[in-house]
Each structure stands twice: as C-alpha cells, then as structure tokens.
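Written out below as structure tokens is the structure these notes cover.
If you want it as structure tokens, here you go:
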C-alpha cells in the first residue's frame with residue numbers, strides 16, 4: 001500500500017469493519033517506538049459504554065441483593 005501525494009492511505013475494508021472505522025469516524029494517530037498507530041476517537045458516550053462493558057460482571061462476590069441491603073443498612 002502506498003501513501004498518496006496528499007498523504008492519504010486506504011484502510012482495508014476488513015480492518016475498517018473489524019475496528020468500526022465507519023465513514024466520518026474521527027481517528028487519532030499515535031507515535032510508538034515501532035511506528036504509528038491509528039485509533040478511533042470515541043465519543044464520550046461510546047467511551048463510557050466501552051468502559052462499562054469492560055467491567056460488567058467483575059463485581060461478583062456472590063452476595064444477593066438482600067445481603068447487600070443488610071450490609072448497607074447495618075442490619076445484623
């Protein structure tokens with residue numbers, strides 16, 4: 001793949017689909033020791049949703065709602 005005289009490249013379709021790089025998606029270019037990384041810039045809402053997906057189900061602990069309520073109320 002070559003860079004055009006305007007500095008443009010075409011991102012292969014399979015990568016655009018895989019990483020959600022839809023038309024009008026903002027992207028950021030980050031320098032690394034090995035080169036350049038292109039990342040989509042997420043809206044605040046999308047960023048929050050992504051973070052929530054990452055932590056969903058990690059609390060676990062095996063406590064029921066009743067157990068939590070007793071704990072927060074100070075019931076013995």
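In the working numbering, the protein residues as written are 1 to 76. C-beta atoms are modelled at their ideal positions from N, C-alpha and C, and glycine is treated no differently.
Test item: CB-CB of residue i and residue j under 7 angstroms
i, j, result
"residue 38", "residue 27", "yes"
"residue 21", "residue 40", "yes"
Through-space distance from residue j to residue i, alpha-carbon basis
i, j, result
"residue 72", "residue 66", "10 angstroms"
"residue 64", "residue 70", "10 angstroms"
"residue 4", "residue 10", "9 angstroms"
Three-state class that DSSP yields for residue i in the structure shown
i, result
"residue 4", "coil"
"residue 80", "The chain is shown only over 1 to 76; residue 80 falls outside these bounds and no answer can be derived."
"residue 10", "coil"
"residue 27", "strand"
Cβ separation of residue i and residue j, assumed to be a contact under 8 angstroms, to the nearest whole Å
i, j, result
"residue 50", "residue 42", "7 angstroms"
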